[in-house]
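Visitor: Numbering (the numbering used here), first residue to last: 1 to 306. Have a look at this one before I ask anything.
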């Protein structure tokens, strides 16, 4: 009888917990396949407005694009490494990224920061360089910034007279420039893999090698240690998603996509029950999520947070 009562109490607790999570995060579109084919697709990124999805090809070479609701897949560019950590503009009209290519002698490897519109028209913003860091959009979206060497920042202005405030990061720290005055932020020790800002640019989600995800609030200067996770993406100024990968040191065994509040409060395991490891998730402002599986297929889903 005692075991029966304990089982009933546990069951009611789980039901109450599930109901609490369902009240906060609702799955309004279940996981469905978005893109697959002869190509192996990688690291999808949905546009901020939730209409377009861009992703790299095999080895993150080239950029492909399609509609979130399904359409023909179009290849925007063939450059090597362009799909790695590419960045959408805030207005969802362009993508900036770092590309690799060979000089005319086919012996010298070069890199450049480039921008592509949705028709594939390209613009080399940096010129050919031996090395260049990943590009970042300015806060107003009117310029693109990148690092040449250590803390040597360059930019390309798209609209003259725009605000030149920007936030960039490398593997060591975050550099914030406002009104021409740079500030170095180092809220967490370690190697920074990915740094992503909220839409209002007040909180940074930092993926640190071997440590997991941290959220740094610039207004309160508080840092929240999640203790796990990689590859963060913000839904809004309060909530984010990221992947939690399990491996044996050689291959990925499992990966789930979690939804959290910025202060470290767990909200939901979004891919619970999905039969493949869910990798490299990215989310739009209206809760549309895209991610890849290890076999190079792109999936989508949509959530709503109360």
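Yeah, the Cβ is synthetic: ideal placement off N, Cα and C, and Gly gets one too. Computed from a prediction, not measured in an experiment: that's the story for all the values here.
1) Just checking my contact of residue 187 with residue 205 at CB under 8 Å: how many whole Å lie between their CB atoms?
2) Which residues in the same chain have their Cβ closer than 8 Å to the Cβ of residue 112, if we skip the five residues on either side of it in sequence?
3) From which residue to which residue does the alpha helix (DSSP H) around residue 119 run?
4) CB-CB under 8 Å to residue 294, same chain, minus the five flanking residues each way: which ones, in chain order?
5) With C-beta atoms as the reference, is residue 174 less than 9 Å away from residue 208?
6) Can you list, in chain order, the residues of its chain with a C-beta nearer than 7 Å to that of residue 286? Leave out the 5 residues immediately preceding and following it.
7) Alpha carbons only, please: which of 31, 117, 24 and 105 is nearest the one belonging to residue 64?
8) Would you mind giving the Cβ-Cβ distance between residue 108 and residue 300, rounded to the nearest angstrom? I have them listed as a contact below 8 Å.
9) Give me the Cα-Cα distance between residue 17 and residue 190, rounded to the nearest whole angstrom.
10) Residue 151 to residue 244, Cα distance in whole Å?
11) According to DSSP, is residue 58 part of a helix, a strand, or is it coil?
12) Can you give me the Cβ contacts of residue 246 inside the same chain, cut-off strictly under 6 Å, excluding the 5 residues immediately before and after it?
13) From what residue to what residue does the beta strand (DSSP E) around residue 230 run?
14) Which runs of the beta strand (DSSP E) fall wholly inside the segment 78-110 and span at least 3 residues, in chain order?
15) Over what stretch of residues does the beta strand (DSSP E) that includes residue 147 continue unbroken?
16) Can you list, in chain order, the residues of its chain whose CB lies under 6 Å from that of residue 217, leaving out five sequence neighbours each side?
17) Report buried or exposed for residue 47, applying the criterion of at least 16 other Cβ atoms within 10 angstroms of its Cβ.
18) Within 10 angstroms of the Cβ of residue 71, are there 16 or more other Cβ atoms? Answer buried if so, exposed if not.
19) Since residue 303 contacts residue 259 with CB under 8 Å, what's their CB separation in whole angstroms?
20) Beta strand (DSSP E) containing residue 44: first to last residue?
21) If we ignore side chains and look at the alpha-carbon of each, how far apart do residue 96 and residue 237 end up?
22) Strictly under 9 Å for the Cβ-Cβ distance: is residue 165 near chain B by that measure?
23) Just to confirm, is the Cβ distance from residue 270 to residue 298 under 9 Å?
24) Note down the Cα distance separating residue 30 from residue 105, rounded to an integer number of angstroms.
25) Where do the N-terminal and C-terminal ends of the beta strand (DSSP E) with residue 252 fall, by residue?
26) Between the C-alpha atoms of residue 136 and residue 147, what's the straight-line distance to the nearest angstrom?
27) Alpha carbon to alpha carbon, how far is residue 197 from residue 222? Give it in angstroms, no decimals.
28) Counting only runs of 3+ residues fully inside the segment 135-214, write out the beta strand (DSSP E) ranges in chain order.
29) With a CB to CB cut of under 7 Å and the five nearest residues on each side skipped, what residues in its chain are close to residue 90?
Guide: On the basis of the data shown:
1) As a first step, residue 187 is located in the chain shown; it is residue number 187 there, counting from the start. As a first step, residue 205 is located in the chain shown; it is residue number 205 there, counting from the start. Not quite, the Cβ-Cβ distance comes to about 11 Å (not below 8 Å), so this is no contact.
2) Here residue 112 corresponds to residue number 112 of the chain shown, with the count starting at 1. Excluding its 5 nearest sequence neighbours in each direction, residue 112 has C-beta neighbours in its own chain below 8 Å: 98, 99, 101, 124, 125, 126, 127, 128, 129 and 132, listed in chain order.
3) As a first step, residue 119 must be located in the chain shown, where it is residue number 119. DSSP places residue 119 outside any alpha helix (DSSP H), giving it a letter other than H or E.
4) Stepping through the chain shown from its first residue, residue 294 is reached at position 294. A distance below 8 Å between beta-carbons, with the five flanking residues on each side excluded, links residue 294 to the following residues of its chain, in chain order: 252, 276, 277 and 279.
5) Counting from one through the chain shown, the residue named residue 174 turns up at place 174. Counting from one through the chain shown, the residue named residue 208 turns up at place 208. Their beta carbons are not under 9 Å apart, which means residue 174 does not touch residue 208 by this criterion.
6) Within the chain shown, the letter at position 286 stands for residue 286. Closer than 7 Å at the Cβ level, and outside the excluded window around residue 286, lie 50.
7) Residue numbering aside, residue 64 sits at position 64 when the chain shown is read from its first letter. Out of 31, 117, 24 and 105, 117 has the C-alpha closest to the C-alpha of residue 64.
8) For this step, residue 108 is matched to residue 108 along the chain shown. For this step, residue 300 is matched to residue 300 along the chain shown. Not really, about 40 Å apart at Cβ, beyond 8 Å.
9) Locating residue 17 in the chain shown gives position 17, where the first residue counts as 1. Locating residue 190 in the chain shown gives position 190, where the first residue counts as 1. Reliability fails at residue 17, whose pLDDT of 41 lies under 50, so the model's placement of it is uncertain and no value is given.
10) Indexing the chain shown from 1 puts residue 151 at position 151. Indexing the chain shown from 1 puts residue 244 at position 244. Spanning the two alpha carbons is a distance of roughly 31 Å.
11) For the purposes of this step, residue 58 is taken as the residue at position 58 of the chain shown. In this structure, residue 58 counts as helix in the three-state DSSP scheme.
12) Here residue 246 is taken as the residue at index 246 of the chain shown, counted from 1. Apart from the 5 residues on each side of it in sequence, residue 246 sits with its Cβ closer than 6 Å to the Cβ of 253 and 254 in its chain, given in chain order.
13) By one-based count along the chain shown, residue 230 stands at place 230. First-last of the beta strand (DSSP E) with residue 230: 230-234.
14) Scanning the segment 78-110 for uninterrupted beta strand (DSSP E) segments of 3 residues or longer gives 94-102, listed from N- to C-terminal end.
15) For the purposes of this step, residue 147 is taken as residue 147 along the chain shown, with counting starting at 1. Boundaries of the beta strand (DSSP E) around residue 147: 143-147.
16) In the chain shown, the residue the question calls residue 217 occupies position 217. Cβ within range, chain order: 203.
17) Indexing the chain shown from 1 puts residue 47 at position 47. The residue in question, residue 47, is buried, as its Cβ has 16 or more Cβ neighbours within 10 Å.
18) Numbered from 1 along the chain shown, position 71 holds the residue referred to as residue 71. Taking every protein chain shown into account, the CB of residue 71 has fewer than 16 other CB atoms within 10 angstroms, so this residue is exposed.
19) What you label residue 303 is simply residue 303 of the chain shown in a count that begins at 1. What you label residue 259 is simply residue 259 of the chain shown in a count that begins at 1. The Cβ separation is near 7 Å, so the contact holds.
20) The residue you call residue 44 lines up with position 44 of the chain shown. It spans 42-46 - the beta strand (DSSP E) in which residue 44 sits, taken as one unbroken run.
21) The residue given as residue 96 occupies position 96 in the chain shown. The residue given as residue 237 occupies position 237 in the chain shown. Residue 96 and residue 237: Cα-Cα distance of roughly 23 Å.
22) Going by chain labels, chain B is absent from the structure shown, which holds only one protein chain.
23) If you number the chain shown from 1, residue 270 lands on position 270. If you number the chain shown from 1, residue 298 lands on position 298. Taking C-beta atoms as the reference points, residue 270 and residue 298 fail to come closer than 9 Å.
24) Taking the chain shown and counting its residues from 1, the one referred to as residue 30 is at position 30. Taking the chain shown and counting its residues from 1, the one referred to as residue 105 is at position 105. Approximately 50 Å between the Cα atoms of the pair.
25) To locate residue 252, count along the chain shown from 1; it is residue 252. Membership of residue 252 in the beta strand (DSSP E) is indicated by the continuous run 252-261.
26) Stepping through the chain shown from its first residue, residue 136 is reached at position 136. Stepping through the chain shown from its first residue, residue 147 is reached at position 147. One Cα belongs to residue 136, the other to residue 147, and the distance between them is close to 9 Å.
27) Numbered from 1 along the chain shown, position 222 holds the residue referred to as residue 222. Numbered from 1 along the chain shown, position 197 holds the residue referred to as residue 197. Roughly 15 Å separates the two Cα atoms.
28) Whole beta strand (DSSP E) segments, 3+ residues: 143-147, 153-157, 166-169, 174-178, 181-185, 192-197 and 203-208.
29) Here residue 90 corresponds to residue number 90 of the chain shown, with the count starting at 1. These residues qualify, in order along the chain: 48, 137 and 141.
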